[in-house]
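Residue numbers (the working numbering), protein chains in the order written: chain A, 18 to 617; chain B, 8 to 232.
Below: one structure, written as structure tokens.
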Amino acid sequence: MSSVKKLSYLSSSSFRAALLACLVIWLSVSLIAYALHGVVVDTFVGNVKSELREKIGHAEQVIEAGAFYHPELYPEFESPEPLQLAIEEASASQFLRDYLADIYEHLEAEQAVSEKTLLYTRLLLLGEPVMQELTEQVLSLPSRATDSVLKPLDVSPLSAVPVHLVVDLLYEEFPEEYHRIMESLIEPRLDDWSGLNPTEFLGYTRSVKLFLEAEGLLEEEELCLALEDASQQVLVTNSRLYRPGELVFDDFFTVLIDREQASRRYIEERPEVCLVTALQLPDGGRLFVGQSFVEGYFLLLELDRILVLGTLGSLLLAVFSGYWISRRAMRKISAINGLCEQVSQGNMQIRLEANASGDDFDKLANNINRMLDRIESLMNGIKQVSDNIAHDLKTPLSRLRGRLELLSHMQKPDKEAVASVIQETDRIIDCFSALLRISQIEQGTRRKAFHRFDLAEVCHTLIDVYEPSITEQKLNFAPQIPDAPCVVYGDREQWLQAIANLLDNAIKYSPEGGVLDIQLCEKDNRWLLVLQDSGPGIPDTEKERVFERFYRMESHRGSEGNGLGLSLVAAVCKLHQAEVKLVNNQGLRVELLVPKADQG
Amino acid sequence: MRTLVIEDDAELCKYLQKGLEQAGHTVENAMDGKSGLIEASAEEFDVIILDRMLPKMDGMNVLKALRSMGNETPVLILSSLGEVDHRVEGLQEGGDDYLVKPFSFSELIARVEALYRRKTKAASANTLRIADLELDLLTRRARRNGRQIELLTREFKLLEFLMRHEGQVVTKTMLLERLWNLHFDPQTNVVEVHISRLRQKIDQEGETPLINTVRGAGYVLREKA
């Protein structure tokens, strides 16, 4: 097989097809993966974005309404000292909220405290001069509770908190029927409280700064904030933002941030990431608002990496699959190519390997092998026939040559000798004519000469011709041919000659005084012609071979004949789809089964 | 006897001319269909031997043209196409006999003679008579030397044929063709057996044999050996 050129993969159509298929699959899977990736990113980022947007929107409202407390806004008030109130609390507002809630809870837990008592207590706490009323109400109050509640604040708290905050709180805490009491108590005070109105609007950027401080947002772990004024001076921030080169406002971007070490609760290996949006404030300031996006960011980062590696990996896999899928086909095709090359070089014995797996290549291999078998047997047949022809004609030709040579030496040519030379030539010509005729019949080119004729009439004619010869041999002859026509569609002349050949043989090989039977009848919707002689018959081993051209049995070598008679019979039968059977039955019994002609 | 040979094979032509002249024919040659047709229509011939395959004009077309001109000269067609439909075609187009190549010269001469005789005499008598042999065509009985001879049908046909071709050589092939319409040569010597059976009935001891064998050619029925 070394001479066989290996197919190169690139020139192999099966490889290209497999590769293309794998690449298409890879491409579609990649597209799906990218689409999914997009959805995941949108979900993660989208959640954070909407959360942030909501916060920003809320903050905008609050800032515009000035509804937050910051000491700078209310300069009339003494500046509260948040640290004095509670160290842990971030802002005054926050402190107040928590503190009041604490008291309320506490008092409620003591039970037996009426709502009114609670209200007065609260008002007292807030610095209202309601001690008297409270005393009346709560004489029964356990002293311990009162102590614990009142002790921390013996200053007037109201001087430290904005009134409207107190009102808000009380409204929230108490049922509606108490609102009037509160109002009646508080309103007189509010009227002469100049500090209720905040100072004039301080500018947007400054408002934002104050809001951030008042609400304690800078301390929130989740948020990262940075505020710049118009000159891009950082006013407040809780983290060092790495800003992108060009800012697109109202859009989101992720940045790595570096928080102040002190404000970091825990130090992690990985950097902190925020999803940040930049807002342009009306007065030129800039606010960066971001939300911590560490989990999502790293998840998405991981997802990206998986996607890129997966895409590259599956690309490699696709190419390899293409190669692997087509490899088998390539190998088989290479094998077939090699075989064809060998066959065309004349090696007819070579065959393909078939592995009985029953797949298409296996079927192809089997078919090719069968085809080669057939070609080989045909070639052998042709070779044998031509060998036979050469051999069988060489003998009479050399005989002829000898006779002619003899004649040339004669002084006066003998008529007898010339006649025998002519006879010899005639035999050779006959032989050729017979060969030609058989091959014409085999080619089936004479099918256009087919017509309907009576097989019985053919038999009668032949019996008429042969009867004297049969009688001469003293054969016991009793033909059984029906008088009614036995119609056959075919070439009458061919059947005449075929049956004549069979009769010739029967007469030739029957011993004197033997039996010869001819019988024509119907069998299985066909005509059955039987010729039974009492000759030596044909051994089973030679039954097939007697139909071969020039085949003559050893025992008949001496007798006359060219070994073509039965070949012609076989050819005629094949052309007419008739069957010929040789049976040894006290002599040879030849059975011809000839299809009947169609009706009409 | 004037014979025209229309044949393009020069060697075969020469051979035919020589043979026919030896048999007493005057022979004209034409090497292609056209000149053959011209010669055949210009002169009177007794027999025309026409090859089927000819240059310039096909043998069948020559035959058709001749017949359409009203020329009824007997034509023997030579052909290497021996199949039955070719033969039928040749005879239908007006050929009188058909001989397949390769043929023996004696076969040819026998057939040419037969054609010539057919041209000269068209017998229509009820009784055929040669020497002391008499064949009654109606009763299908023969009589010789005052003795009745019973004949089988096939024997009658054979004898009739031989008597109608009295003095002419009749070949085996001609017999097979005319009597049984067989266009091939059986391997066994069927014709010889037929002849010998007939001869047993016709020629008896002491009588002049009428059925004579011509070696390498066939049989002839005639008075003198």
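Here a beta-carbon is modelled for each residue, glycine too, at the ideal position from N, C-alpha and C.
Listed in chain order, the alpha helix (DSSP H) elements of length 4 or more contained wholly in the stretch 89-118 of chain B are 91-99.
When rounded, the separation of the alpha-carbon atoms in residue 136 (chain B) and residue 170 (chain B) is 8 Å. Against chain B, the CB of residue 513 (chain A) has a partner CB under 8 Å away; the residue lies at that interface. Burial is judged here by how many other beta carbons sit within 10 angstroms of a residue's own beta carbon; residue 176 (chain B) has at least 16 and is buried.
A distance below 7 Å between beta-carbons, with the five flanking residues on each side excluded, links residue 522 (chain A) to the following residues of its chain, in chain order: 582.
Only those residues of the stretch 188-204 of chain B whose C-beta falls short of 7 Å from the nearest C-beta of chain A are listed: 189, 190, 191, 192, 193, 194, 195, 197, 200, 201 and 204. Exclusion of the five residues before and after residue 54 (chain A) leaves 320 and 324 as the residues of its chain whose Cβ lies within less than 7 Å of its Cβ.
Comparing C-alpha distances from residue 71 (chain B) to each of B:87, B:92, B:88 and B:48 shows the shortest one belongs to B:48. Along the stretch 384-400 of chain A, none of the residues has a CB nearer than 9 Å to a CB of chain B. One finds 436 in chain A with Cβ atoms closer than 7 Å to the Cβ of residue 222 (chain B), taken in chain order.
Among the residues of chain A, those whose CB is under 7 Å from the CB of residue 109 (chain B) are 446, following chain order.
Here residue 306 (chain A) is bridged, per DSSP, to A:242 and A:294. Bridge pairing for residue 35 (chain B): B:11 [DSSP]. Note that the C-beta distance between residue 353 (chain A) and residue 385 (chain A) is below 8 Å. Per DSSP, reduced to three states, the secondary structure at residue 485 (chain A) is helical. For residue 543 (chain A), the uninterrupted beta strand (DSSP E) run begins and ends at 543-550, by DSSP. Taking 8 Å as the cut-off, the Cβ atoms of residue 405 (chain A) and residue 567 (chain A) count as close. As DSSP reads the structure, residue 75 (chain A) sits in no beta bridge.
CA-CA distance, residue 33 (chain B) to residue 146 (chain B), rounds to 42 Å. The Cβ atoms of residue 614 (chain A) and residue 505 (chain A) sit closer than 8 Å to each other. Between residue 86 (chain B) and residue 97 (chain B), the beta carbon gap of about 7 Å places them in contact (Cβ cut-off 8 Å). By the C-beta density criterion, residue 475 (chain A) is buried, having at least 16 other C-beta atoms within 10 angstroms. Excluding its 5 nearest sequence neighbours in each direction, residue 343 (chain A) has C-beta neighbours in its own chain below 7 Å: 29, 31, 32 and 35, listed in chain order.
Take residue 220 (chain A), set aside five residues on each side of it, and the residues of its chain with a beta-carbon closer than 6 Å to its own are 300, in chain order. The C-beta distance from residue 515 (chain A) to residue 600 (chain A) rounds to 18 Å, too long to fall under 8 Å, and the pair is not in contact. In the structure shown, residue 266 (chain A) falls within a coil segment according to DSSP collapsed to helix, strand and coil. Excluding the 5 residues flanking it on each side, residue 210 (chain B) has same chain C-beta neighbours closer than 7 Å at 216, 217 and 218, in chain order. Using a CB distance cut-off of 8 Å, residue 206 (chain B) does not count as an interface residue toward chain A. For residue 92 (chain B), the closest Cβ of chain A is nearer than 8 Å.
Residue 461 (chain A) does not reach chain B, its nearest Cβ partner there being about 13 Å away, counting only Cβ pairs nearer than 9 Å. Linking residue 43 (chain A) to residue 59 (chain A) through their CA atoms gives a straight-line distance of about 24 Å. Look at the beta carbons and you see the stretch 191-203 of chain B touching the stretch 484-492 of chain A: at least three pairs across the two are nearer than 8 Å. Residues 27, 32, 34 and 54 of the same chain have their beta carbon placed closer than 6 Å to that of residue 10 (chain B), with the five preceding and five following residues left out of the count. Fewer than three beta-carbon pairs drawn from the stretch 10-26 of chain B and the stretch 556-571 of chain A are found closer than 8 Å, and the two stretches are therefore not classed as touching. Taking a C-beta distance under 8 Å as the contact criterion, residue 417 (chain A) and residue 435 (chain A) do not qualify as a contact pair. Contacts with chain B (Cβ-Cβ distance below 7 Å) from the stretch 470-499 of chain A involve 478, 481, 482, 483, 485, 486 and 489, listed in chain order.
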